[in-house]
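See below for the structure under consideration.
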DNA sequence: ATGGTCGCAAGGCGA
């Protein structure tokens, strides 16, 4: 089963590029981030016609996450526990009913810039809530994945120019510590379980010819529970998508799970 | 490099 994460940076702008990638890759399940649309504005018919069930958790203009799935989904929930006042659409969960049911969490972690400041405080608070949710899921002992745009560069090797990010919310020690704390609860970074070394990125800024210069960062991650990690067959980054017509600034990252 | 490029949505914010 191929499960992917893809920050599409606006569903309306990706109305051609997203189906093109789905048709060429045929993933079973995709978590989307930054749909930048309310639920009613999401072009669900387009994806249903391609064989996907569509579950959205949208918001006007900003944020917004969704799950596309060729397999049945059960127990879909929206929103991350821990702050009832939080109205930003950044979290969706569902159980994917394949050979073996897998709990799937799709997330769009806050960017946090500028740091320090209220946006950075929100990022760190959101990561604390994520940590609590992961602890709870681990206690259930069911296989699960937390995948999406984490807006965190885990290590220097995950940036082409780490020195350019030292004061950025994506790379500040507090951000990296918070992510490391979550991973060390017992999760596996699927990409790093299979691929070592520098030069592997999932985002290239639209500005300053970042793509042409390969000035990228790896911030889109698939974290697997121990039971899900045991099912890991393969991983990949669909880098070529960034060179297509009207691309997102992120590319899809995927895992093949024996599930 | 107090810009540079996008998306949403219709001016300015977010990334």
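Residue numbers (the working numbering): 193 to 451. Each residue gets a CB set at the ideal place from its N, CA and C atoms; glycine is no exception. Here the structure is a predicted model, which means the values were calculated and not measured.
Subject >> For residue 373, the nearest candidate out of 319, 239, 358 (CA to CA) >> reply: Minimum Cα distance to residue 373 is reached at 319.
Subject >> Member of 411, 415, 423 whose CA lies at the smallest distance from the CA of residue 302 >> reply: Ranking 411, 415, 423 by CA distance to the CA of residue 302 puts 411 first.
**OP:** Give the C-beta separation of residue 433 and residue 213 to the nearest angstrom, bearing in mind that I take them to be a contact with Cβ-Cβ under 8 Å.
**Re:** So it is a contact: roughly 6 Å between Cβ atoms.
**OP:** Taking only the alpha-carbon atoms, compute the straight-line gap between residue 329 and residue 363 and give it to the nearest angstrom.
**Re:** Straight through space, the alpha carbons of residue 363 and residue 329 are spaced by roughly 26 Å.
Original post:
Per DSSP, residue 148 is paired with what?
Top reply: In the structure as shown, the chain starts at 193 and stops at 451, and residue 148 therefore has no counterpart that could be examined.
Subject >> Supposed close pair residue 294, residue 335 - CB separation, criterion 8 Å >> reply: About 5 Å; that satisfies the 8 Å criterion.
Original post:
With which residues is residue 258 paired in a DSSP beta bridge?
Top reply: Beta-bridge analysis with DSSP links residue 258 to 224, 248.
Original post:
How is residue 300 classed by DSSP in three states: helix, strand or coil?
Top reply: Residue 300: strand per DSSP, three-state reduction.
**OP:** Select from 439, 332, 354, 422 the residue whose C-alpha is nearest the C-alpha of residue 448.
**Re:** Nearest C-alpha to residue 448: 422.
Original post:
Considering only residues of the same chain and omitting the five flanking positions on each side of residue 355, which have a CB-CB separation below 6 Å?
Top reply: None.
**OP:** Tell me whether residue 427 is buried or exposed, calling it buried when 16 or more other Cβ atoms sit within 10 Å of its Cβ.
**Re:** Label assigned to residue 427: buried.
**OP:** Taking all protein chains shown into account, decide if residue 437 is buried (16 or more other Cβ within 10 angstroms of its Cβ) or exposed.
**Re:** Residue 437 should be labelled exposed.
Original post:
Within 10 angstroms of its Cβ, does residue 452 collect 16 or more other Cβ (buried), or is it exposed?
Top reply: Residue 452 lies beyond the residue range present for the chain, which begins at 193 and ends at 451; the question has no answer from this structure.
**OP:** Reducing DSSP to helix, strand and coil, say where residue 292 ends up.
**Re:** Residue 292: coil per DSSP, three-state reduction.
**OP:** Give, in chain order, every unbroken run of the beta strand (DSSP E) that is at least 3 residues long and sits entirely within the stretch 318–361.
**Re:** Residue ranges of uninterrupted beta strand (DSSP E) with 3 or more members, entirely inside the stretch 318–361 and ordered along the chain, are 336–341.
**OP:** Could you spell out the range, first to last residue, of the beta strand (DSSP E) harbouring residue 446?
**Re:** Judged by DSSP secondary structure, residue 446 falls within the beta strand (DSSP E) whose first and last residues are 445–449.
Original post:
Can you find at least 3 beta carbon pairs, one from the stretch 217–233 and one from the stretch 246–260, that sit closer than 8 Å?
Top reply: They touch, by the three-pair rule.
Subject >> 8 Å contact criterion, which residue 321 and residue 378 should meet: CB distance rounded >> reply: Not quite, the Cβ-Cβ distance comes to about 18 Å (not below 8 Å), so this is no contact.
Original post:
CA-CA distance, residue 194 and residue 245?
Top reply: In this model, residue 194 and residue 245 are separated by some 15 Å (Cα to Cα).
Subject >> Beta-carbon separation (whole angstroms), residue 282 vs residue 300, contact threshold 8 Å >> reply: Indeed, because the Cβ distance is near 4 Å, the residues count as touching under 8 Å.
Subject >> For residue 427: DSSP bridge partner residues >> reply: Checking the DSSP bridge columns, you'll see residue 427 partnered with 447.
Original post:
Thinking C-alpha only, which one of 401, 203, 440, 391 is nearest residue 251?
Top reply: Sorting 401, 203, 440, 391 by C-alpha distance to the C-alpha of residue 251 places 203 at the top.
Subject >> Distance, residue 350 Cα to residue 393 Cα >> reply: As the crow flies, the alpha-carbon of residue 393 is around 7 Å from that of residue 350.
**OP:** Return the CA-CA distance between residue 384 and residue 358, expressed in angstroms with no decimal places.
**Re:** Across the structure, residue 384 and residue 358 are spaced so that their CA atoms are roughly 22 Å apart.
Subject >> Selection from 388, 430, 406 that minimises the alpha carbon distance to residue 396 >> reply: Among 388, 430, 406, the Cα nearest to that of residue 396 is on 406.
**OP:** Whole angstroms is fine: what's the gap from residue 339's alpha carbon to residue 382's?
**Re:** Spanning the two alpha carbons is a distance of roughly 10 Å.
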